[in-house]
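Q:
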Amino acid sequence: MAEAADIQGASPAPVRRRWLRRAIVLLAGTPVLAGLVYGPAPQAEAVQASSVDVQLVSMAPSAPVKGDTLTIQGTVINTGSETITDAHVGLRVGPALTDRSSIDETADRNGFRAGTDPGEIDPAYAVKIASLPSKVTQNFTLTVPVNKLELDKDGVYQLGVSLSGVTDSRPSEQVLGIKRTFLPWQPEAAAKRSQLTYAWPLISTTRVTAETGSDELQTPVFLDDSLAEELRSGGRLEQMVTLGKDLPITWVIDPDLLYTVDAMTKGYRVRGANGKTVQGKNKAVAEQWLSSLEAAVQGKKVVALPFADPDLASLAHHGKDVSGTLGQLRPATDKARQAVETVLHVPASTDFSWPVNGAIDPSIVNVATSAGAHNVLTRSDSLVESGALGYTPSAARPIGAGTTAVVADAELSTAFEGDMLNAGSSTLAVQRFLAHSLALNLQKSDEPRSFVVAPQRTPTVSQAQTMAAAIRGLQGGRWTQPADLEAAAAAKPDPGATTQVPGAGQYPEDLRKQELPVSAFEKIRTTQNTLDHFKVILAAPDRVEIPFGNTVNREMSTSWRGRPEEARLYRDQVQEYLIGLTEKVKVIPKSDATLSGHSATIPVSVQNSLVQDVHDLVLRVKSANPSRLMFNGSGQAEQQVTVQGDHTQTVKFPANATASGPVEVTAQLFTKDGIPYGKERRFTVEATEITPTVMLVIAGGVLLLVLAGIKMYASRKRVAARAAAEESTQPSDESPDTEPQSTEGSGTSETVDR
């Protein structure tokens, strides 16, 4: 980006003194040729080979004022093969840099350059090192009163910390290593200060599956328990909260993270390697983090991204043409506000969208605003200025249709993306950040301007700590004053600032390669269709609609960038689990049956293994041969079905056989809309027709049985009558003591009774 030469020149007298002293130093180190022939030394601008690695561990204060003492701590390492003797570590202060491009050029420069790098300040402040053997590290501390640095005016100064010494192969003193950094000098508050907004992201990766317990709370199941490591003391998210609570920032939060941690506080389960789940053990860790966050956001601005932080670029480039995909954004935005207010008890703005790395094109802007957001957080390396203004304009840019592009400064936003574990890297990053922020404010413009910093979405612990150190370096408020993201979006835009959204062909190729493919959105659509089909039969559809609706949002998350296989596996598992639930409501397989007679009933059973009731189902049976087997006078019949949770319901269908022989019957469930549900079941019914001849034979047999019964009844009645007559002829005064009479002549009668 073109920058104006915006830092004022120094007063003539001090400048002459400084350059005279530096010229003497340079001449003293330059070989004097015979006859003092004038000419530039051939090696004057050459980069001198370094045999010493200089590292700056700390610099305090990072932005000094008058009366301060600058303390720089660091190390020097002899990377060469020779011992260095008569060495010293010195400080070199260059002139004020003229613009932001000079800062970048200086930061990227390697090795000492005679004639370009300035000379050392007063040797009295150097640190002497008598001997530095090969591969040996030596610590140092430079302590210099700021008034000895000859800082002539407000601006950004180059600082060089160098080690000079001699070796056997280099008997004259030379600079053997140097490290450069920057000193922002604005000892008094500027008359015109920039507003600076720092977006502080609380975002993590997807952890929650679609699976829930059958209990009343529907205990969620996590992919793993790794989130606890980020939440516990010293973890990434714990540090983001601990550091952010005392900083003038705008919290930018993925509501899915809040829901996930809140679920941990209520009890959760974790999927094991064998597919079984175990009880999560970090409830207390989640409670502590959530309590700390709730305290930290009080009185601060909170921006809630759409639920699960959807990948807007992937949606725009691959998902928008898959039916139903863009319809997920509005519910995601509604859930965002609700999550923040429910979990953190503070209001949240949902008027911002944040594409990956702030890279935009027209289709991304359209998708980003489709859920109702009016502000798109982009970056200056996407919405590039022409340079005609001569300064960096304010962040807010109207880009049409009531949408504002909030353009974060690329230099400031990417300042801490590297490895900040090394103290030297962290120190250099902080000083470079402060230098750019001061250079921005020193640019010539008529009005105060507003700048935004949108860092990486998931900073590491060391990156977060470095970010915090840089923000603390600005808290003196001498050239910036803090502002929130809403204020930055509402700030007066520069009339001459670029508002042209770059075309699709300008979208970075490296970012495009990380996007979710079309197949991902097709799988998501399949899952949504399955869910829509399933929930209509449920008595309590919220038990599946809420967890699966959240999971659909998670499948579109930005957090899957760079992890295509994990993303694909997650989508597959969601669909498989949902299908498994739908299959818990089914027609039970039925064995073949025989229908004997003209009519009978055929039972078919429907099983519901869910914990809730199902209704609005229709069970339909259909005969493959209605001329042989009919239901209610036609080839098919149906009945409505309601089945309680964990129960089986048997439905009976009257059937009529019109001819003998096997008939295939199909039993199928349907929703109330007539859509087939589950697998159809087939079984065979052996139909047997009863003909008129068979009926005559059966009737004759029945008549014979009736006649035989009548005959037997008459015979028994005659025998009983004779027996009664014989009893009446015996003497009436027979007593128990009388001897029995002879029974001769009665044999015929006894034979009949037997």
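The sequence shown finishes on residue 1217 if you use the numbering used here, and the numbering steps up by one all the way, no holes.
The beta carbon of each residue, even a glycine, is placed where N, CA and C say it ideally should be.
1. Identify every residue that forms a DSSP beta bridge with F914.
2. Between the Cα of L519 and the Cα atoms of G887, V629, L686, which residue gives the shortest distance?
3. Report the residue from I712, E757, D709, R732 whose alpha carbon sits nearest the alpha carbon of L721.
4. Sort D774, P956, V609 by Cα distance to L789 and report the nearest one.
5. Mind checking R793: buried by the 16 CB within 10 Å criterion, or exposed?
6. For R1083, decide whether its Cβ has a neighbour in chain C, counting only Cβ atoms nearer than 9 Å.
7. I need the DSSP call for V1157, collapsed to helix, strand or coil.
8. Go ahead and pull the three-state DSSP assignment for R555.
9. Give me whichever residues DSSP pairs with D580 in a beta bridge.
10. Would you mind working out which of T546, K591, V539, G628 sits nearest T600, comparing C-alpha positions?
11. What alpha helix (DSSP H) runs, 4 residues minimum, are completely inside the region 830 to 896?
12. To the nearest angstrom, report how far apart L948 and K611 are at their CA atoms.
13. Can you give the Cα-Cα distance for F1116 and K1049, rounded to whole angstroms?
14. Starting from L639, trace the beta strand (DSSP E) in both directions and tell me its first and last residue.
15. If you draw a straight line from the alpha carbon of A822 to that of L626, how long is it in whole angstroms?
16. Got a sec, what are the start and stop residues for the beta strand (DSSP E) W752 sits in?
17. State the beta-bridge partners of M522 as determined by DSSP.
18. Closer than 8 Å by C-beta to T796: which residues in its own chain qualify, once you throw out the five before and the five after it? Chain order, please.
19. Can you tell me whether DSSP reads Y731 as helix, strand or coil?
20. I want to check one thing, is the minimum distance from the CB of F997 to the heavy atoms of the ligand NAP below 8 Å?
21. In angstroms, rounded to a whole number, what distance separates the CA positions of S777 and E545?
22. Checking 9 Å against the spacing of the C-beta atoms, do V684 and Y731 come in under that value?
23. Judging by CA-CA distance, which residue of R1024, A873, S843 is the nearest neighbour of K976?
24. So what's Y1140 in DSSP terms, helix, strand or just coil?
25. Indicate whether the contact test is met: 3 or more Cβ pairs, each with one atom in the region 677 to 696 and one in the region 736 to 752, closer than 8 Å.
26. Compare the Cα-Cα distances from P1125 to each of A1150, Q1112, H899 and report the closest residue.
27. Run through the DSSP bridge pairs and tell me what Y1112 is partnered with.
28. Would you list the residues sitting across from Q1038 in a DSSP beta bridge?
29. Taking buried to mean at least 16 other C-beta atoms within 10 Å of its own C-beta, is K798 buried or exposed?
30. Look at T644 and Q621 and say whether their C-beta atoms are less than 9 Å apart.
31. Helix, strand or coil: which one does DSSP assign to L694?
32. Buried or exposed, going by whether 16 or more other CB atoms sit within 10 Å of the CB of K986?
A: Taking the geometry as given:
1. According to DSSP, which records beta bridges pairwise, F914 is partnered with L659.
2. Looking at the Cα atoms, G887 is the closest of the given residues.
3. Considering only I712, E757, D709, R732, the residue with the shortest C-alpha distance to L721 is E757.
4. D774
5. Exposed: under 16 other Cβ atoms inside 10 Å.
6. You won't find chain C in this structure, because it holds only one protein chain.
7. Reliability fails at V1157, whose pLDDT of 45 lies under 50, so the model's placement of it is uncertain and the value that follows must be treated cautiously. If DSSP states are grouped into helix, strand and coil, V1157 belongs with the helices.
8. strand
9. A577
10. That would be V539, whose Cα lies nearest to the Cα of T600.
11. 873 to 876
12. L948 and K611: Cα-Cα distance of roughly 40 Å.
13. 17 Å
14. 637 to 648
15. Distance from the CA of A822 to the CA of L626, rounded to the nearest whole angstrom, comes to 43 Å.
16. That residue, W752, is in no beta strand (DSSP E); its alpha helix (DSSP H) goes 746 to 759.
17. I535
18. Around T796: P769, F770, T813, A834, G835, A836.
19. Coil at Y731, not helix or strand.
20. Summarising the ligand content, the structure contains no ligands, and the ligand NAP is consequently not present.
21. Taking C-alpha positions only, S777 is separated from E545 by approximately 56 Å.
22. Yes; because the gap between Cβ atoms is below 9 Å, this pair is in contact.
23. R1024
24. In this structure, DSSP gives Y1140 an extended state, which the three-state scheme calls strand.
25. yes
26. A1150
27. Reading off the sequence shown, one finds Gln at residue 1112, where the question assumed Tyr. Answer by DSSP bridge pairing, in chain order: V1069.
28. DSSP, once it has assigned bridges, lists no residue as partnering Q1038.
29. By the neighbour-count rule (16 or more Cβ atoms within 10 Å), K798 is buried.
30. yes
31. Three-state DSSP puts L694 in a helix.
32. buried
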